[in-house]
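Heads up: the sequence shown begins at 354 in the numbering used here, then just goes up one per residue.
Beta carbons: idealized from backbone N, C-alpha and C, even for Gly.
The structure displayed is predicted, hence computed values, not measured ones.
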Amino acid sequence: MDVNLWSLIPVGLFLYFTLENFLKKDYKASLMCLIIAFIIANAILDLLPISSGLVIGAGVLACVGLGYLFPDKDKKEDK
Numbered sequence: 354m355d356v357n358l359w360s361l362i363p364v365g366l367f368l369y370f371t372l373e374n375f376l377k378k379d380y381k382a383s384l385m386c387l388i389i390a391f392i393i394a395n396a397i398l399d400l401l402p403i404s405s406g407l408v409i410g411a412g413v414l415a416c417v418g419l420g421y422l423f424p425d426k427d428k429k430e431d432k
């Protein structure tokens, strides 16, 4: 496997940010960092035969879904 290790450093950084945001229970930011890491890794290693645009579209839909499942607790509801 002929892979330059320097090109995998951004993947490692985004995976670290994914774990950090996941532990803070910021699921949307964690998912976005994971998607960025997957796009970079897929461009370098050709993991799956799918385009980056498809991954971005799926990530946006997943973030919208997570937004509905886990709403922000900062919102104050006046009833």
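Exercise for review: To the nearest angstrom, report how far apart residue 425 and residue 357 are at their CA atoms.
Suggested key: As a first step, residue 425 must be located in the sequence shown, where it is residue number 72. As a first step, residue 357 must be located in the sequence shown, where it is residue number 4. Separation of residue 425 and residue 357 (C-alpha to C-alpha, rounded to the nearest whole angstrom) is 40 angstroms.
**Study point:** Classification of residue 387 by the beta-carbon crowding that lies within 10 angstroms, buried from 16 upward
**Key:** To locate residue 387, count along the sequence shown from 1; it is residue 34. By the neighbour-count criterion, in which 16 or more other beta carbons inside 10 Å mark a residue as buried, residue 387 falls on the buried side.
Check your understanding: Once you ignore the five residues that flank residue 409 on each side, which residues in its own chain have a CB closer than 8 angstroms to its CB?
Key -> Position 56 of the sequence shown holds residue 409. The answer, listed in chain order, is 388, 392.
Exercise for review: Let me know if residue 413 comes out buried or exposed under the rule of 16 or more other beta-carbons within 10 Å of its beta-carbon.
Suggested key: Here the question's residue 413 lines up with position 60 in the sequence shown. Flag for residue 413 reads exposed.
Exercise for review: Hey, could you find the ends of the alpha helix (DSSP H) residue 375 is sitting in?
Suggested key: One-based indexing of the sequence shown puts residue 375 at position 22. Start and end: 362 to 376.
Review point. Using the rule of at least 16 other Cβ atoms within 10 Å of the residue's Cβ for burial, across every protein chain shown, is residue 411 buried or exposed?
Key: Sequence index remark: in the sequence shown, residue 411 carries index 58 (1-based). It counts as exposed.
Point to revise | Simplified DSSP assignment, three categories, for residue 395 | key: Residue 395 sits at position 42 when you count from the first residue of the sequence shown. Residue state for residue 395 is assigned as helix, using DSSP reduced to three classes.
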